[in-house]
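Since the structure comes first, as structure tokens, the remarks are kept for the end.
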Amino acid sequence: MSCWALVPVKARRAGKQRLAGLLDEAARAALIERMLAHVLATLRRAPGVDHTAVVTPEREGLPEDILWLADAGDGVNAALHVALAALSARGARRAVLVAADLPWLGADEVAALIGASEKHGIALAPDRHGSGTNAIALALPSDFRPHFGRGSLAAHLAEAARLGITAALVRLPGLGFDVDEPEDLTLLNGRGDGRGELRL
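Counting from 1, position 35 in the sequence shown corresponds to residue 93 in my numbering; the numbering is continuous, with no gaps.
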């Protein structure tokens, strides 16, 4: 059964605007690139992930082994819905949607999310605040429509319920920590556990 990881990425110079008070445009772009590189490297190591695709307006800088799916500019959720259909057409039978800004993500955590989706049909990884969603794993083909953005966890639970599925929640540190706000950057800079991941 083919499982694809799918990572949405905004245009590099347009991302992380909420960090503009701390980082200039070049520094934000560099942070985005480093977090994306970490996520892609983690997905390569994750048991159960066969291929990886990135949905983004920009092909430049992506590794050759990554499938580029163009973002047509209608919003991340519309782009992901189209991308899921494209992966189904390529023979994918499962997908794991993973945010590009998870600097502590571990391969074992991705595998745990996929395993939960195999058992329950859909698995969601909440952010550390318990209101957003940082990753989703689900079987394909599916009529599931992503609802990333503020308050997305409740929207994704409702979307799964619309399909008759009680989604599993997978709460793990690397899946839960994304970098959006200044306080997140402070936590990222202060991590000292020896893993050496993106300590700026």
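Even for Gly, the Cβ is constructed at its ideal location relative to N, Cα and C.
State the DSSP-derived secondary structure class of A128, mapped to helix, strand or coil. Within the sequence shown, the letter at position 70 stands for residue 128. Three-state DSSP puts A128 in a strand.
Residue from R220, G106, A87 and A128 with nearest C-alpha to P115: Walking along the sequence shown from the start, residue 115 turns up at place 57. Comparing Cα positions, the closest option is A128.
Taking the beta carbon of E122 as the centre, do at least 16 other beta carbons fall within 10 Å, making it buried, or is it exposed? For the purposes of this step, residue 122 is taken as residue 64 along the sequence shown, with counting starting at 1. With fewer than 16 other Cβ atoms within 10 Å, it is exposed.
Give the range of the beta strand (DSSP E) segment to which R208 is assigned. Residue numbering aside, residue 208 sits at position 150 when the sequence shown is read from its first letter. Here R208 belongs to no beta strand (DSSP E), and DSSP marks it neither H nor E.
Could you check the C-alpha separation between A63 and D82 for me, to the nearest Å? Along the sequence shown, one-based indexing puts residue 63 at 5. Along the sequence shown, one-based indexing puts residue 82 at 24. For A63 and D82, the distance between alpha carbons rounds to 30 Å.
Check whether the Cβ atoms of I90 and T110 lie closer than 7 Å to each other. The count along the sequence shown starts at 1 and reaches residue 90 at position 32. The count along the sequence shown starts at 1 and reaches residue 110 at position 52. Contact flag unset, no.
By Cβ distance below 7 Å, which residues in the same chain neighbour R186 in space, the five residues on each side in sequence not counted? One-based indexing of the sequence shown puts residue 186 at position 128. Excluding residues within five positions, the ones whose Cβ falls inside 7 Å are G234 and F235.
Please list the segments of the beta strand (DSSP E) lying wholly inside the segment 131-191, counting only runs of 3 or more residues, in order along the chain. Listed in chain order, they are 152-156 and 180-184.
Go ahead and pull the three-state DSSP assignment for T110. Within the sequence shown, the letter at position 52 stands for residue 110. Strand.
Would the segment 95-107 count as touching the segment 236-245 if we require 3 or more Cβ pairs under 8 Å? Touching, no, given that fewer than three Cβ pairs across the two stretches are closer than 8 Å.
Whole-angstrom Cβ separation of P66 and A169, contact assumed at under 8 Å? Numbered from its first residue, the sequence shown carries residue 66 at position 8. Numbered from its first residue, the sequence shown carries residue 169 at position 111. Wrong, their Cβ atoms sit about 21 Å apart, outside the cutoff.
Between L81 and the ligand SAH, is there a pair consisting of the residue's CB and a ligand heavy atom that are separated by less than 6 Å? In the structure shown, the ligand SAH is absent, as is every other ligand, since no ligand is present at all.
Does DSSP put A193 in a helix, a strand or coil? Reading the sequence shown from its first residue, position 135 is the one you call residue 193. Here A193 sits in strand by DSSP.
Using alpha carbons as the reference points, say which of I223, A84 and A165 lies closest to W230. Within the sequence shown, residue 230 is the residue found at index 172, counting from 1. Contrary to the premise, residue 230 reads as Leu rather than Trp in this sequence. Out of I223, A84 and A165, the CA that lies nearest to the CA of L230 is found in A165.
Quick one, which of N135, V112, P184 and P105 has its alpha-carbon nearest P204's? The residue labelled residue 204 in the question sits at position 146 within the sequence shown. Ranking the options by Cα distance to P204, first place goes to N135.
Measure the C-alpha to C-alpha separation of V228 and D159 and round it to an integer number of angstroms. Residue mapping note: residue 228 aligns to position 170 of the sequence shown, counting from 1. Residue mapping note: residue 159 aligns to position 101 of the sequence shown, counting from 1. Just so you know, the alpha carbons of V228 and D159 end up roughly 18 Å apart.
In the structure shown, what three-state DSSP assignment does V97 receive? Here residue 97 is taken as the residue at index 39 of the sequence shown, counted from 1. V97 sits in a helix when the DSSP states are folded into three classes.
Span of the beta strand (DSSP E), counted from its first residue to its last, around L64: For the purposes of this step, residue 64 is taken as residue 6 along the sequence shown, with counting starting at 1. Run containing L64: C61 to P66, per the beta strand (DSSP E) assignment.
Going straight from the alpha carbon of R253 to that of P161, what length do you get? What you label residue 253 is simply residue 195 of the sequence shown in a count that begins at 1. What you label residue 161 is simply residue 103 of the sequence shown in a count that begins at 1. Here the model assigns R253 a pLDDT of 38, short of 50, so the residue's position is not dependable, and the following value carries that caveat. Each residue's Cα considered, the two are about 11 Å apart.
C-alpha distance - H178 paired with A85, whole-angstrom precision: Residue 178 sits at position 120 when you count from the first residue of the sequence shown. Residue 85 sits at position 27 when you count from the first residue of the sequence shown. Roughly 40 Å between the two C-alpha positions.
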